[in-house]
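Note that numbering that gives the first Met the number 0 numbers the sequence shown so that position 103 is 102, with each residue one more than the last.
For glycine and all other residues, C-beta sits at the position ideal for the given N, C-alpha and C.
All remarks here apply to the structure that follows.
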Amino acid sequence: MGTAAASASAVLDNGDGSYSFELAAGTSAGLARYRIVVNDGVSPVQLYPDLTLRVDPLVPLHAGFDSISAANPRPVPLVVNAGADTNRRVLLLLGTNAGTSPGFPLGTTTLPLNASPLLRHTLTNAGGASLAGTFGELDPTGHAQAWFTPPPELLPFLAGTRVEWSGVVFTPTGRVALPLAGFDVLP
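Structure follows, in structure tokens:
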């Protein structure tokens with residue numbers, strides 16, 4: 000990975016002995032490195048080691064983790080960046096752990112997701128508690144954020160597999176399939 004240009008906001012004194020600032024990711028994928036220098040009123044001191052964050056490329060569909068643990072699961076953010084459009088667009092995100100080929104047809108669009116209990120769960124429970132934001136509208140910039148919180152009853156079926164996500168954006172003129180994004184579920 001290369002180095003991604005990144006920036007930090009001004010430092011905010013929280014008034015309780017702590018300070019905060021916001022980090023803005025760079026526009027290219029790579030590692031963002033922040034060298035933090037503080038001044039205690041006597042002299043500037045550089046904190047070590049440098050803060051290093053991974054910056055992922057902006058893609059149409061992104062899973063926020065490379066892997067999760069079935070023994071200690073956590074919610075996985077799924078971010079959609081479908082591009083700006085003035086038309087209302089509806090989104091449906093679906094997942095499977097049974098592979099991506101041949102996929103299944105959805106009207107004139109084929110989603111690269113094979114049938115599985117997880118696919119059935121994501122379809123029948125879209126937008127529900129374990130799938131917040133997986134069914135809804137894109138904002139005018141084409142952005143949406145969803146969360147997959149693995150339900151306990153599915154964890155035995157997910158452990159040791161790769162979960163792939165895709166979705167469909169419904170537009171006034173048809174459907175557009177989103178490319179794959181996925182993560183591994185470790186035991």
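So, is residue i buried or exposed, given that buried needs 16 or more other C-beta atoms within 10 angstroms?
i: Gly-94; result: buried
i: Ala-134; result: Checking the displayed sequence, the identity of residue 134 turns out to be Phe instead of Ala. Label assigned to Phe-134: buried.
i: Thr-148; result: exposed
i: Pro-59; result: buried
i: Gly-166; result: buried
i: Val-184; result: buried
i: Val-75; result: buried
Rounded to the nearest angstrom, how far is the Cβ of residue i from that of residue j, given a contact under 8 Å?
i: Gly-181; j: Trp-164; result: 6 Å
i: Val-36; j: Arg-88; result: Between Arg-88 and Val-36 the Cβ distance is about 45 Å, and since that is not below 8 Å, they are no contact.
Check residue i in the structure and name its three-state DSSP category.
i: Phe-20; result: coil
i: Ser-129; result: helix
i: Thr-109; result: strand
i: Thr-121; result: helix
i: Leu-50; result: strand
i: Met-0; result: Only weak support is given to the placement of Met-0: the predicted model assigns it a pLDDT of 47, under 50, and the value that follows is read from those uncertain coordinates. Reduced to three states, the DSSP call for Met-0 is coil.
i: Pro-155; result: helix
Where DSSP assigns a beta bridge to residue i, which residues make up the other side?
i: Asn-38; result: Pro-43
i: Gly-180; result: Rather than Gly, the amino acid found at residue 180 in this sequence is Ala. Ala-180 pairs with Trp-164.
i: Asn-80; result: His-142
i: Arg-174; result: Phe-169
If you draw a straight line from the alpha carbon of residue i to that of residue j, how long is it in whole angstroms?
i: Ser-8; j: Val-162; result: 36 Å
i: Leu-16; j: Asp-39; result: Looking at the sequence itself, residue 16 is Gly, so the reference to Leu does not match. Approximately 11 Å between the Cα atoms of the pair.
i: Asp-12; j: Ser-42; result: 18 Å
i: Gly-77; j: Ala-158; result: Looking at the sequence itself, residue 77 is Leu, so the reference to Gly does not match. When rounded, the distance between both Cα atoms is 19 Å.
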